[in-house]
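Trainee: Numbering (my numbering), first residue to last: 6 to 335.
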Ligand code: ASP
């Protein structure tokens, strides 16, 4: 296999199933995530031997438990390594459950020029046929490509943009999909076959609009909750949030993302509760709960759409926007 071996790549471990261990080798579900150290994962991929690689264990968690503190730690390590001249790209091993959220968070805050390549596995390292080693090999390949920019996700031979990728399957090894946008490329025997090129990279490694500084200075993100519009809903969750805010203003969420039906429609009763929230200065954004498609922009709707972002990514974008506002964005 021809593997791109140009440039030093740093591999940051954060845990996940790729580092998971089961007590029986045939067990693909009864395992504990985040057990194997990242250097030991590398040792299990002989094809990586001799490549210029550095490893660092940033965390060791099941990504269902990802939190803002760890996101900040990951940002700090990424900023450090991306600013090194000898580093051509960074790989991040991560659990699949919240991978799309961390990838979108990193892309939104850093907008890196060099490749930041998230990878993962659906089967633990102890599986009879683990998928992690091939994903890691592919991710290292992608992180060494001069024509890859920004944050991407590599899984099951495909390269996805952070903006579009989502976990769409709870069990299959090809668990990720980019919806209508499709994958950017696939990795075939160490070569990339592009389907579409991402937009040209911005000229700086780390965006200098203050967002990174504000994120690193924050102890938490502004609170943004997600509610789903569904049959027979009544807006009780939103009203409970407003009531909590009456009792203690610090508990009032700053934003709500509604995972709306279809093209941004919201149940009448939930809509009334959301209007009450907006009257209390809570910012409300409509994403769609559909697996594909987006909420088509409608300037006449007082609840703006999520610009095509899924509910979990729209939550991050709204929280970052609220943070920037609080920090006095010009
Ligand atoms: N629960 C695991 C995690 O997200 C699932 C996985 O990695 O596939 O860490």
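The beta-carbon is built from N, C-alpha and C at its ideal position, and this holds for glycine as well.
1) Is residue 18 near the ligand ASP, with its Cβ less than 7 Å from a heavy atom?
2) Quick one: give me the first and last residue of the alpha helix (DSSP H) that residue 231 is part of.
3) Would you identify the three-state DSSP class for residue 120, choosing helix, strand or coil?
4) What distance in whole Å lies between the Cβ atoms of residue 166 and residue 186, which are believed to be in contact at a cut-off of 8 Å?
5) Go ahead and label residue 254 buried or exposed: buried means 16 or more other beta carbons lie within 10 angstroms of its beta carbon, across all protein chains shown.
6) Can you look up residue 291 in the DSSP assignment and give me helix, strand or coil?
7) Among residues of its own chain, excluding the 5 on either side of residue 220, which ones have a beta-carbon nearer than 6 Å to its beta-carbon?
8) Of all the options 246, 28 and 76, which has the alpha carbon lying nearest to the alpha carbon of residue 222?
9) Taking the alpha-carbon positions, what's the residue 235 to residue 39 distance?
10) In terms of residue numbering, what span does the alpha helix (DSSP H) encompassing residue 85 cover?
11) Using a threshold of 7 Å, is the CB atom of residue 240 nearer than that to any non-hydrogen atom of the ligand ASP?
12) Could you tell me the distance, in whole angstroms, from the CA atom of residue 168 to the CA atom of residue 314?
13) Using a Cβ-Cβ cut-off of 6 Å (strictly less than) and excluding sequence neighbours within five positions of residue 199, which residues of its own chain qualify?
14) Alpha carbon to alpha carbon, what distance is there between residue 69 and residue 14?
15) Between residue 50 and residue 87, what straight-line distance do the alpha-carbon atoms span, to the nearest angstrom?
16) Would you kindly work out how many angstroms separate the C-alpha atoms of residue 272 and residue 246, rounded to a whole number?
17) Can you check DSSP and say which residues form a bridge with residue 36?
18) Under 7 Å from any heavy atom of the ligand ASP, does the C-beta of residue 125 make it?
19) What's the gap between the Cα of residue 144 and the Cα of residue 66?
20) Determine the burial state of residue 99: buried for a count of at least 16 other Cβ atoms within 10 Å of its Cβ, exposed for fewer.
21) In angstroms, rounded to a whole number, what distance separates the CA positions of residue 83 and residue 73?
22) Buried or exposed: which applies to residue 261, given that a residue is buried once 16 or more other Cβ atoms fall within 10 Å of its Cβ?
23) Verify whether the separation of the beta carbon atoms of residue 64 and residue 127 is less than 8 Å.
24) Have a look at residue 161 and residue 252 and give me their C-alpha separation to the nearest angstrom.
25) For residue 197, which beta-bridge partners are listed by DSSP?
26) Got a sec? Which residues, its chain only, sit under 6 Å from residue 318 by beta carbon, not counting five neighbours each side?
27) Please tell me whether residue 46 and residue 195 are closer than 8 Å, where the distance is taken between their beta carbons.
28) Using CA coordinates, which residue listed in 256, 96 and 24 is at the minimum distance from residue 12?
29) Within 10 Å of its beta-carbon, does residue 301 have 16 or more other beta-carbons around it, so buried, or fewer, so exposed?
30) Quick one: what's got a C-beta closer than 7 Å to residue 6's C-beta in the same chain, skipping five residues either side?
Mentor: Let me spell this out:
1) no
2) Run containing residue 231: none in the alpha helix (DSSP H); it sits in the beta strand (DSSP E), 229 to 233.
3) strand
4) Indeed, because the Cβ distance is near 7 Å, the residues count as touching under 8 Å.
5) That one is exposed.
6) Here residue 291 sits in strand by DSSP.
7) 114
8) 76
9) Each residue's Cα considered, the two are about 35 Å apart.
10) 73 to 87
11) no
12) Going from the Cα of residue 168 to the Cα of residue 314 covers about 7 Å.
13) 190
14) 26 Å
15) 24 Å
16) 18 Å
17) 27
18) yes
19) 20 Å
20) buried
21) 15 Å
22) It is buried - the Cβ of residue 261 has at least 16 other Cβ atoms within 10 Å.
23) no
24) 49 Å
25) 192
26) 109
27) no
28) For residue 12, the closest of 256, 96 and 24 by C-alpha to C-alpha distance is 96.
29) Residue 301 is exposed by the Cβ-count criterion.
30) For residue 6, the predicted structure reports a pLDDT of 44, less than 50, and the residue's modelled location is therefore unreliable. A value from the coordinates is still provided. Within the same chain, residue 6 has close Cβ partners 52, 194 and 195.
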